[in-house]
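**Student:** From first to last, the protein sequence lines stand for chains S and E.
Quick note: the first sequence uses this note's numbering, first residue 1, plus one each step.
Quick note: the second sequence uses this note's numbering, first residue 1001, plus one each step.
Positions of the beta carbon are idealized from the N, C-alpha and C atoms, including for glycine.
Number of protein chains: 2
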Amino acid sequence: MSPEKTLSELGERALIALIDSVVGEPGVTLGIGDDTAALPTPGEGDLLATTDSLVQDVHFNLAEGSGRRVGEKALAVNLSDIAAMGGTPRWALVSLIAPPETPVAFVRELYLGLVSMARRFGVAIVGGNVSASPATLAVDVTLLGSAPSGQLVTRSGARLGDIIVVTGTLGRAAAERVLAVQGHEPGGTVSVPEPRISVGRSLAAAGLAHAMIDISDGLATDIHHLVEASSAGAVIYAADVPIDIAARKVGRQTSQNPLNFALFGGEDYELLFTMSEAQLPRAIEAAGDIPLAVIGTIVAPEYGVVLQDSGGVRTPLEAGGWEHFRRG
Amino acid sequence: MSPEKTLSELGERALIALIDSVVGEPGVTLGIGDDTAALPTPGEGDLLATTDSLVQDVHFNLAEGSGRRVGEKALAVNLSDIAAMGGTPRWALVSLIAPPETPVAFVRELYLGLVSMARRFGVAIVGGNVSASPATLAVDVTLLGSAPSGQLVTRSGARLGDIIVVTGTLGRAAAERVLAVQGHEPGGTVSVPEPRISVGRSLAAAGLAHAMIDISDGLATDIHHLVEASSAGAVIYAADVPIDIAARKVGRQTSQNPLNFALFGGEDYELLFTMSEAQLPRAIEAAGDIPLAVIGTIVAPEYGVVLQDSGGVRTPLEAGGWEHFRRG
């Protein structure tokens, strides 16, 4: 490897593979590559741990009034990871790095946002750290949770013939980003997802979800993550993907196919899971007010991941979405 | 509060107080302000959690060959926090933010450093996250550990008449920073501390340490942290502070009193603890190869924290050391 090679030349996926190969630790249920680690504690279920960062000028900017939403989102994206395991969130640690020029008011709002999201989900903020930074503000949240013995849901349990189900609607965050870019405010909108803790918990407790993941990178990418971990393939029915109403509207305004927002946009933080079709009524009941959409079927791995249109034509659905470290 | 007030005007201590007042969560043994949170898990002792960041151009730079030491140190400073609780380190999560221009080789070395430090102390790296950053590389490590029931040592247990003891020697990291600045390489040295896990564990298991903290901000500051948490005062005997040989040498070279490196320099990551004088032989045995120095006595809180010279003259020992967010 040339010593001058940079992360932008390498790309995010190869970086993760590199880290994985360097770290490569056995002895834990899940490691890097899954969003949440499950740690064996003797006696009483699994301890869950996940971490995620929000970075200035990548995920948000210091626009007035955005601090609170940055704080809410910093915890919400971690809550979503715990939800995807069927876990209960418990404790958070918050690490802030911030330039000396950062307005105190922004930081105060950020912590108010963290606290309000934490209270809503019964999370105690139990620790943290602050450090100076020369030029970039970033907040990193580590969230710890728990799951009762035998109730942990991972990405790897999808079975042949399972239906593929998604909560809520997809594409709203992507549509909002398109509007922000058009309004010359890239990073100016911070959409705060609604973590699906209760749905994830109910599906796990009832033993309904065979495999589950939250949609952070986009449906197209995250279904790849799920089927690769499960050694399976997937057919997604284009007409059944629940496109958010805001995505449809922005699609019309910008002459773009709103399905692309839903497939590739990312940051929806809905749950994507597989289950037996026969159990669907129980899942709908478990989901309560949150709508479920059946969007596909788990097939043999040879099929890969394909998108089937309403005419029955199948095309490969490539992973693609938010890719860090690439420039221009 | 003026909306334009910045963190540099506020200062680190006031920022931490602000965050504390916003977060203010009950129901956990220790919260923000202590370096490590102790989380009550039913049945089997305490779960410990701590987080710490290293930030480019604050704690290190991208000089060739520094990646490995940055990785080692990023875990070591967290190990030191677990050591100060008398805990056993278990699992780490690593969050990296990095600009696209970052050399891949630096990142690879950083993770190699993390892994080598993790292996030495039996820590599994179980999760993590990578994100792009516009201008600053930072690595945030969250370390989880455990302590058997009733063996947790905090900052708050110091008793009147306790002796104050420190492991190892103090002032080396500060001396190395002075040399780096003189050599026009600020941030160019990354000194990797030796985490005192084994000593901390032995002192806790034997029930010897009444209160304990690791010296990250400097002896002067950290003794304040300890006695404030313990509602006590302290006398430190200047002649008994174990000044590192490197600090003595740099002191001679630069005509500075090396005691100042030991009192105010910080980043020593030695353990500072209080105990009954009668138990000292047992503590020396528990510390094994690590030298212990008795440097003071716990007194009533009215005395504050004072430094006593060899002539018996006492002067107030002010907290002071590494203060983030201040410029110029």
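Near Ala-1083 of chain E, which residues of its chain fall below 6 Å by C-beta distance, leaving aside the five closest residues on each side in sequence?
**Tutor:** Within the second sequence, numbered from 1, the residue matching residue 1083 of chain E stands at position 83. The residues are Pro-1195, Arg-1196, Ile-1197, Gly-1200.
**Student:** Going along chain S in order, which residues have a C-beta closer than 7 Å to the C-beta of Asn-1129 of chain E?
**Tutor:** For the purposes of this step, residue 1129 of chain E is identified with residue 129 of the second sequence, where counting begins at 1. Result: Thr-51, Asp-52, Ser-53.
**Student:** Which same chain residues end up closer than 6 Å to Ser-310 of chain S when comparing Cβ atoms and leaving out the 5 residues on each side of it in sequence?
**Tutor:** Numbered from its first residue, the first sequence carries residue 310 of chain S at position 310. For Ser-310 of chain S, where only same-chain residues beyond five positions count, the Cβ hits under 6 Å are Ala-239.
**Student:** Assign Gly-33 of chain S to one of three DSSP states: helix, strand, or coil.
**Tutor:** Stepping through the first sequence from its first residue, residue 33 of chain S is reached at position 33. Low confidence applies to Gly-33 of chain S: its pLDDT is 48, below 50, so where it sits in the model is not reliable enough to give any reading.
**Student:** By DSSP, does Asp-52 of chain S sit in helix, in strand, or in coil?
**Tutor:** Numbered from 1 along the first sequence, position 52 holds the residue referred to as residue 52 of chain S. Three-state result, Asp-52 of chain S: strand.
**Student:** Given this structure, state the Cα-to-Cα distance separating Ala-38 of chain S from Val-1123 of chain E, to the nearest angstrom.
**Tutor:** Looking up residue 38 of chain S in the first sequence gives position 38. Looking up residue 1123 of chain E in the second sequence gives position 123. Approximately 15 Å, taken between the alpha carbons.
**Student:** Can you tell me which of the three DSSP states Tyr-1269 of chain E falls into?
**Tutor:** By one-based count along the second sequence, residue 1269 of chain E stands at place 269. Coil at Tyr-1269 of chain E, not helix or strand.
**Student:** Under 7 Å Cβ-Cβ, which residues of chain E neighbour Leu-75 of chain S?
**Tutor:** For the purposes of this step, residue 75 of chain S is identified with residue 75 of the first sequence, where counting begins at 1. What Leu-75 of chain S touches in chain E: nothing, since even the nearest Cβ is about 12 Å away.
**Student:** Identify which residue in E:Asn-1260, E:Trp-1091, E:Tyr-1237, E:Ala-1132 has its Cα closest to the Cα of Gly-1312 of chain E.
**Tutor:** Within the second sequence, numbered from 1, the residue matching residue 1312 of chain E stands at position 312. When only C-alpha atoms are compared, the closest one is E:Tyr-1237.
**Student:** Could you pull the DSSP bridge partners for Arg-314 of chain S from this structure?
**Tutor:** Reading the first sequence from its first residue, position 314 is the one you call residue 314 of chain S. S:Gln-308, per the DSSP bridge assignment.
**Student:** Would DSSP call Ile-1245 of chain E helix, strand or coil?
**Tutor:** What you label residue 1245 of chain E is simply residue 245 of the second sequence in a count that begins at 1. In the structure shown, Ile-1245 of chain E sits in a helix (DSSP, three-state: H, G or I).
**Student:** Looking at the structure shown, is Arg-108 of chain S part of a helix, part of a strand, or coil, going by DSSP?
**Tutor:** Sequence index remark: in the first sequence, residue 108 of chain S carries index 108 (1-based). The answer is helix: DSSP assigns Arg-108 of chain S an H, G or I state.
**Student:** Rounded to whole angstroms, what's the CA-CA distance from Gln-279 of chain S to Leu-317 of chain S? Just pull it up for me.
**Tutor:** Indexing the first sequence from 1 puts residue 279 of chain S at position 279. Indexing the first sequence from 1 puts residue 317 of chain S at position 317. Gln-279 of chain S and Leu-317 of chain S: Cα-Cα distance of roughly 27 Å.
**Student:** May I have the straight-line CA-CA distance separating Gln-1256 of chain E from Val-1178 of chain E, to the nearest angstrom?
**Tutor:** Against the second sequence, residue 1256 of chain E aligns to sequence position 256. Against the second sequence, residue 1178 of chain E aligns to sequence position 178. Straight-line Cα distance between these residues: approximately 10 Å.
**Student:** Whose C-alpha, out of E:Glu-1176, E:Leu-1010, E:Gly-1150, E:Asn-1129, is nearest the C-alpha of Ala-1246 of chain E?
**Tutor:** One-based indexing of the second sequence puts residue 1246 of chain E at position 246. Checked all of E:Glu-1176, E:Leu-1010, E:Gly-1150, E:Asn-1129; the closest Cα to Ala-1246 of chain E is E:Glu-1176.
**Student:** Determine the direct distance from the alpha carbon of Leu-7 of chain S to that of Asp-244 of chain S, and round the result to whole angstroms.
**Tutor:** Taking the first sequence and counting its residues from 1, the one referred to as residue 244 of chain S is at position 244. Taking the first sequence and counting its residues from 1, the one referred to as residue 7 of chain S is at position 7. Cα-Cα distance, rounded: 34 Å.
**Student:** At a CB distance below 7 Å, what residues from the stretch 108 to 119 of chain S approach chain E? Give them in sequence order.
**Tutor:** Listed in sequence order: Arg-108, Tyr-111, Leu-112, Val-115.
**Student:** Where are the alpha helix (DSSP H) runs, 4 residues long or more, that stay fully inside the stretch 163 to 232 of chain S, in chain order?
**Tutor:** DSSP runs (the alpha helix (DSSP H)) wholly in the stretch 163 to 232 of chain S: 172 to 182, 197 to 205, 219 to 230.
**Student:** Could you please give me the residues that DSSP links to Gly-1127 of chain E through a beta bridge?
**Tutor:** Looking up residue 1127 of chain E in the second sequence gives position 127. DSSP lists E:Leu-1093 as partners of Gly-1127 of chain E.
**Student:** Starting from the Cα of Val-107 of chain S, find the closest Cα among S:Gly-65, S:Asn-78, S:Thr-221, S:Val-77 and give me that residue.
**Tutor:** On the first sequence, residue 107 of chain S is found 107 positions in, with the first residue counted as 1. Closest by alpha carbon: S:Gly-65.
**Student:** Rounded to whole angstroms, what is the Cα-Cα separation between Ile-19 of chain S and Val-227 of chain S?
**Tutor:** Position 19 of the first sequence, counted from the start, is the residue given in the question as residue 19 of chain S. Position 227 of the first sequence, counted from the start, is the residue given in the question as residue 227 of chain S. Looking at the two C-alpha atoms, the distance is approximately 22 Å.
**Student:** With distances taken from CA atoms, which of S:Gln-56, S:Thr-142, S:Ala-286 is nearest Pro-1134 of chain E?
**Tutor:** Indexing the second sequence from 1 puts residue 1134 of chain E at position 134. For the residues S:Gln-56, S:Thr-142, S:Ala-286, the minimum Cα distance to Pro-1134 of chain E belongs to S:Gln-56.
**Student:** Suppose the cutoff is 6 Å on Cβ atoms and the five residues either side in sequence are ignored; what does the same chain contact list for Val-366 of chain S look like?
**Tutor:** Residue 366 of chain S lies beyond the residue range present for chain S, which begins at 1 and ends at 328; the question has no answer from this structure.
**Student:** Only counting the same chain, and skipping five residues up and downstream in sequence, which positions put a Cβ closer than 6 Å to that of Ala-1074 of chain E?
**Tutor:** Here the question's residue 1074 of chain E lines up with position 74 in the second sequence. Cβ within range, chain order: Leu-1054, Val-1139, Val-1141.
**Student:** Beta carbon of Val-126 of chain S, beta carbon of Tyr-111 of chain S: below 9 Å?
**Tutor:** Residue mapping note: residue 126 of chain S aligns to position 126 of the first sequence, counting from 1. Residue mapping note: residue 111 of chain S aligns to position 111 of the first sequence, counting from 1. Contact: no.
**Student:** Is it buried or exposed for Gln-182 of chain S, if we count other Cβ within 10 angstroms and need 16 for buried?
**Tutor:** Position 182 of the first sequence, counted from the first residue, corresponds to residue 182 of chain S. Exposed is the call here.
**Student:** Please compile the residues from chain S whose C-beta is within a distance smaller than 8 Å of the C-beta of Ser-1008 of chain E.
**Tutor:** Translated into positions along the second sequence, residue 1008 of chain E becomes position 8. Chain S residues near Ser-1008 of chain E: Pro-100, Glu-101.
**Student:** Taking 9 Å as the threshold (C-beta atoms), are Gly-1157 of chain E and Ala-1205 of chain E in contact?
**Tutor:** Stepping through the second sequence from its first residue, residue 1205 of chain E is reached at position 205. Stepping through the second sequence from its first residue, residue 1157 of chain E is reached at position 157. Against a cut-off of 9 Å, the Cβ pair of Gly-1157 of chain E and Ala-1205 of chain E comes out as no contact.
**Student:** For Phe-273 of chain S, which residues in the same chain have their Cβ closer than 7 Å to its Cβ, ignoring the five residues on either side in sequence?
**Tutor:** By one-based count along the first sequence, residue 273 of chain S stands at place 273. Once the five neighbours on either side are set aside, the close Cβ partners of Phe-273 of chain S are Val-165, Leu-203, Ala-209, Ala-211, Met-212.
**Student:** Determine the chain S residues that contact Thr-1274 of chain E at a beta-carbon separation under 7 Å, and present them in chain order.
**Tutor:** As a first step, residue 1274 of chain E must be located in the second sequence, where it is residue number 274. In chain order: nothing, as chain S lies at least about 23 Å away.
**Student:** Any idea if Leu-160 of chain S is buried or exposed, counting beta-carbon neighbours within 10 angstroms, 16 or more meaning buried?
**Tutor:** Working through the first sequence from its first residue, we reach residue 160 of chain S at position 160. Counting Cβ neighbours within 10 Å, Leu-160 of chain S comes out exposed, since fewer than 16 surround it.
**Student:** Would Pro-1258 of chain E be called buried (16 or more neighbouring beta carbons within 10 Å of its own) or exposed?
**Tutor:** Taking the first residue of the second sequence as position 1, residue 1258 of chain E is located at position 258. Counting Cβ neighbours within 10 Å, Pro-1258 of chain E comes out buried, since at least 16 surround it.
**Student:** Listing by chain order, which chain S residues have their CB less than 8 Å from the CB of Thr-1036 of chain E?
**Tutor:** Here residue 1036 of chain E corresponds to residue number 36 of the second sequence, with the count starting at 1. Neighbours of Thr-1036 of chain E on chain S, chain order: Gly-127.
**Student:** Just grab the DSSP bridge partners of Met-275 of chain S for me.
**Tutor:** Locating residue 275 of chain S in the first sequence gives position 275, counting from the first residue. BP columns for Met-275 of chain S point to S:Ile-163.
**Student:** Over the uninterrupted beta strand (DSSP E) stretch that includes Leu-137 of chain S, give me the two end residues.
**Tutor:** As a first step, residue 137 of chain S is located in the first sequence; it is residue number 137 there, counting from the start. Careful: Leu-137 of chain S lies outside any beta strand (DSSP E) and carries neither H nor E.
**Student:** Determine, using beta carbons only, whether His-224 of chain S comes closer than 9 Å to chain E.
**Tutor:** Counting from 1 along the first sequence, the entry for residue 224 of chain S is found at position 224. Closer than 9 Å: no.
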